[in-house]
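Peer 1: Residue numbers (the numbering used here), protein chains in the order written: chain A, 7 to 367; chain B, 7 to 367.
Submitted below is the structure of interest, expressed as structure tokens.
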DNA sequence: CTGTTAGCGCGTTCAA
DNA sequence: TTGAACGCGCTAACAG
């Protein structure tokens, strides 16, 4: 049974409905906006019938034009490839649904230029607010948005110089949690592996907290490795450096258990601390290639973010409350849209440690 | 340096620009639409200056209202959690970018009710077309869209009773490719594992092609296992069934190499054929839990879809040309929007076999 | 309770 | 080459 390719019959407008119901446009408008109390049941019934008959659906664009609010919000995403992003998005969608908002999702695919273009596009569509999770937007780009312009809420990362609400992981606490766990498990040579810091505050904060935690425990061997995943050659070099460290360290994790922490000159037990899931994946792939299927028992890997393959790879993770992050972001934005003028708010949510084979004896 | 929270200065309108440039709105409109030839260079310069001074940006909504086209297209997605979807999306975005379209992304999160709601919402925003990758939309829901209504293009799955362009994997060829590979590697007891078919034509097609391929090779032991990932208890039962088969089959894959294919009563070499990535993940998790880290050498797993963790898990996959699927879908849709009236088209793209440890000796 | 009127920001006649 | 007037689909006064 094929649908006939007949010419598209122009969609009914409010005027059509009014004519069909034998009344004026205003009454239709009132009906649409739920002002039922001011409509006689009789008229109301006629309107309902007319709407059904014409399969009428109000034009949001026209409404928006008139009212000055179109219920659209922009959602600028740096990288949908990162499971974190998708999970946050689910929270965003749920909240939008609950608040009658419609998110315009813009995926910049890690390209700063794209971010700029999308931000401008969103402006052009007169979104009522923006949720920003971007790689390289600077204050200038966001100025017409955040300051004096439309409301903005930052997710996961700050934009320097811009004061706006922000919601994300409590990076300091999370990095400390991870570091402490590794130290407790007896690892004393820890490599924090992170993508280039760029403008991404969360990366900076995590690394900083890691170093602080190491220092606080008098654990001398703390290293930071910056891995630009987009640069194959650089990645190779970085991984080679890790290999040297791993192979100089304890040959077997079980063996090194009583290792003398921090004492220089002795074999140390090496652990890798990935700043996020993309990094962790790259590391895991390498470790598997180099040390075989059982690599988890050879070198410890802990990651912030808890992608669905973490269980499969047996890596320890710190799971972010992604859904809630997205949900809260929309709530914040909604309040701002509604005119709340309170001081800028930061919402830092705690991460949850999930211990798996790679860091347990 | 904080941005002062001054009151939002109303965005400039075309009227403001006209006044600022000392001319009428019409000229501004002409300028915006690139009709430069009809503007004196002098006026044109004044307009440019005024636009810059006011930081004017035309209101897309108003334009859309007037022109009857707002450059918006809807993109209905069944499941962003599936890496396939994200990859397709990247193709969609690239094509939209190239064609001056803006995709409204709607994520139904596998809920049929959500799909209905979003479809209606899209209608309400007067999108010019829709790309549909849905779980349960029926012809009725899509009627105002596909038939006689706004143009639609289907991705990955058909909607029964609806004739619309569609683009996706050549499921038949892909399933044959996978089946042949497994048979060639000497597996003769193959389980096709798939989510409930529902309205999803691709699932049905893959399963059908699998059975056909098995029959064509006179390979007697072909099974189909339907796994409803949302139903934990049902999954457990299904997995138990698989375990029985696996453990009844050859104890070691290397051993069974010379196994007598299809002969009943002898030990057979068991392989699992996952219909897509979510299924493959569930299977891999179970196999790892039951057979340990080296499960890949114990039981073969092949999957349609090539998620980023496939390499990590060492499973053989059939990679879909996801980016191209998304890109082509938008191209098709764009043509329809532009009024192309040709017969309904199907674009079936080939998959690529990527052999990994789990199915090679 | 109901209809009339005047725009929202913009594009498109049509005259000037 | 330019601009004034009208209307897109809808809402918000303002009468009745």
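Beta carbons are placed, not taken as given, at the ideal position from N, Cα and C, and that holds for glycine.
Just so we're clear, the structure is a prediction, and the values are computed from it rather than from any experiment.
Hey, quick one: how far does the beta strand (DSSP E) through residue 322 of chain A stretch, first residue to last?
Peer 2: Residues 322-325.
Peer 1: Exposed or buried, which one is residue 184 of chain A when buried takes at least 16 other CB atoms within 10 Å?
Peer 2: Looking at its Cβ environment, which holds 16 or more other Cβ atoms inside 10 Å, residue 184 of chain A is buried.
Peer 1: Does the Cβ-Cβ distance between residue 216 of chain B and residue 277 of chain B come in under 8 Å?
Peer 2: No, these two residues do not count as a Cβ contact at 8 Å.
Peer 1: Short of 7 Å in beta carbon distance, which residues of its chain neighbour residue 269 of chain B, apart from the five on each side in sequence? Order them along the chain.
Peer 2: Confidence at residue 269 of chain B is low in this model, with a pLDDT of 42, below 50, so the placement of that residue should be treated as unreliable; the coordinate-derived value is given next. Excluding sequence neighbours, residue 269 of chain B sits near nothing in its chain.
Peer 1: On a CA-only basis, which of B/38, B/48, B/212, B/43 is nearest residue 57 of chain B? Give me that one, please.
Peer 2: Among B/38, B/48, B/212, B/43, the Cα nearest to that of residue 57 of chain B is on B/38.
Peer 1: Kindly indicate which three-state DSSP category residue 315 of chain B falls into: helix, strand or coil?
Peer 2: Three-state DSSP puts residue 315 of chain B in coil, outside helix and strand.
Peer 1: Quick one: is residue 92 of chain B near chain A, going by C-beta distance under 8 Å?
Peer 2: Judged by the 8 Å Cβ criterion, residue 92 of chain B is in contact with chain A.
Peer 1: Classify residue 279 of chain B: buried if its beta carbon has 16 or more other beta carbons within 10 angstroms, exposed otherwise.
Peer 2: With 16 or more other Cβ atoms within 10 Å, it is buried.
Peer 1: Quick one: is residue 191 of chain B near chain A, going by C-beta distance under 8 Å?
Peer 2: It does not; no Cβ of chain A falls within 8 Å.
Peer 1: Taking a cut of 8 Å between CB atoms, which residues from the segment 126-137 of chain A lie near chain B?
Peer 2: Listed in sequence order: 126, 127, 129, 130, 131, 132.
Peer 1: Quick test of your reading: residue 299 of chain A and residue 300 of chain B, contact by CB under 8 Å. State the CB separation rounded to the nearest angstrom.
Peer 2: Sure, about 5 Å apart at Cβ, within 8 Å.
Peer 1: Select from B/338, B/352, B/365 the residue whose C-alpha is nearest the C-alpha of residue 305 of chain B.
Peer 2: Nearest option by C-alpha distance: B/365.
Peer 1: If we count Cβ pairs, one from each stretch, closer than 8 Å, do we get three or more for the segment 38-55 of chain B versus the segment 84-99 of chain B?
Peer 2: As far as the Cβ criterion goes, the segment 38-55 of chain B does not touch the segment 84-99 of chain B, which means the pair count is below three.
Peer 1: List, in chain order, every chain B residue whose beta-carbon is nearer than 9 Å to that of residue 87 of chain A.
Peer 2: Result: 89, 92, 93, 96, 314.
Peer 1: From residue 155 of chain A to residue 79 of chain A, what distance separates their C-alpha atoms?
Peer 2: Near 14 Å, if we compare the C-alpha coordinates of residue 79 of chain A and residue 155 of chain A.
Peer 1: Select from A/315, A/212, A/248 the residue whose C-alpha is nearest the C-alpha of residue 284 of chain B.
Peer 2: Cα-wise, what sits closest to residue 284 of chain B is A/315.
Peer 1: Taking Cβ-Cβ distances shorter than 7 Å, what residues in chain B pair up with residue 172 of chain A?
Peer 2: Going along chain B, no residue has its Cβ under 7 Å from residue 172 of chain A, so there is no contact; the nearest lies around 14 Å.
Peer 1: Residues of the segment 60-71 of chain B in Cβ contact with chain A at a cutoff of 8 Å, in chain order, please.
Peer 2: Listed by position along the chain: 61, 63, 64, 65, 66, 67, 68, 70, 71.
Peer 1: Taking 8 Å as the threshold (beta carbon to beta carbon), is residue 80 of chain A in contact with chain B?
Peer 2: Chain B, which has no Cβ nearer than 8 Å to the Cβ of residue 80 of chain A, makes this no.
Peer 1: First and last residue of the beta strand (DSSP E) that includes residue 366 of chain A?
Peer 2: Element bounds for residue 366 of chain A: n/a, residue is neither H nor E.
Peer 1: Taking residue 99 of chain A as the query, report the chain B residues whose CB atoms sit under 7 Å from its CB, ordered along the chain.
Peer 2: Here the neighbours are 113.
Peer 1: Give the straight-line distance between the Cα atoms of residue 29 of chain B and residue 312 of chain A, rounded to the nearest whole angstrom.
Peer 2: Approximately 59 Å, taken between the alpha carbons.
Peer 1: Would a check of beta-carbon distances place residue 319 of chain B closer than 8 Å to chain A?
Peer 2: For residue 319 of chain B, the answer is yes, since a Cβ of chain A falls inside 8 Å of its Cβ.
Peer 1: Excluding sequence positions up to five away, which residues of its chain have a Cβ less than 8 Å from the Cβ of residue 164 of chain B?
Peer 2: So the qualifying residues of the chain are 172, 207.
Peer 1: Kindly provide the ranges of any alpha helix (DSSP H) runs that are 4 or more residues long and lie completely inside the segment 7-79 of chain B, ordered along the chain.
Peer 2: Runs of the alpha helix (DSSP H) inside the segment 7-79 of chain B: 20-27, 31-38, 47-60, 66-73.
Peer 1: Tell me residue 195 of chain B's beta-bridge partners as DSSP assigns them.
Peer 2: The partner list for residue 195 of chain B (beta bridge, DSSP) reads B/227, B/276.
Peer 1: Please check if any C-beta of chain B sits within less than 8 Å of the C-beta of residue 76 of chain A.
Peer 2: Judged by the 8 Å Cβ criterion, residue 76 of chain A is in contact with chain B.
Peer 1: Just checking my contact of residue 230 of chain B with residue 203 of chain B at CB under 8 Å: how many whole Å lie between their CB atoms?
Peer 2: Not quite, the Cβ-Cβ distance comes to about 10 Å (not below 8 Å), so this is no contact.
Peer 1: Would you say residue 158 of chain A and residue 135 of chain A are within 8 Å of each other, going by their C-beta atoms?
Peer 2: Result yes, Cβ atoms of residue 158 of chain A and residue 135 of chain A sit closer than 8 Å.
Peer 1: Drop a sphere of 10 angstroms on the beta-carbon of residue 108 of chain B, count the other beta-carbons inside from all chains shown, and report buried for 16 or more, exposed for fewer.
Peer 2: Residue 108 of chain B should be labelled buried.
Peer 1: Along the segment 282-312 of chain B, where does the CB come closer than 8 Å to a CB of chain A? Name the residues.
Peer 2: Listed in sequence order: 287, 290, 291, 294, 299, 300, 302.
Peer 1: With 16 as the cutoff for other CB atoms within 10 Å, does residue 129 of chain A come out buried or exposed?
Peer 2: By the neighbour-count rule (16 or more Cβ atoms within 10 Å), residue 129 of chain A is buried.
Peer 1: Using a Cβ-Cβ cut-off of 6 Å (strictly less than) and excluding sequence neighbours within five positions of residue 351 of chain A, which residues of its own chain qualify?
Peer 2: Hits under 6 Å: 171.
Peer 1: Mind checking if residue 20 of chain B is an interface residue toward chain A, Cβ cutoff 8 Å exclusive?
Peer 2: Taking Cβ atoms only, chain A never reaches closer than 8 Å to residue 20 of chain B, which makes this a no.
Peer 1: Please report the distance separating the alpha-carbon of residue 178 of chain B from that of residue 357 of chain B.
Peer 2: When rounded, the distance between both Cα atoms is 10 Å.
Peer 1: For residue 42 of chain A, decide whether its Cβ has a neighbour in chain B, counting only Cβ atoms nearer than 8 Å.
Peer 2: No, because no Cβ of chain B sits closer than 8 Å to the Cβ of residue 42 of chain A.
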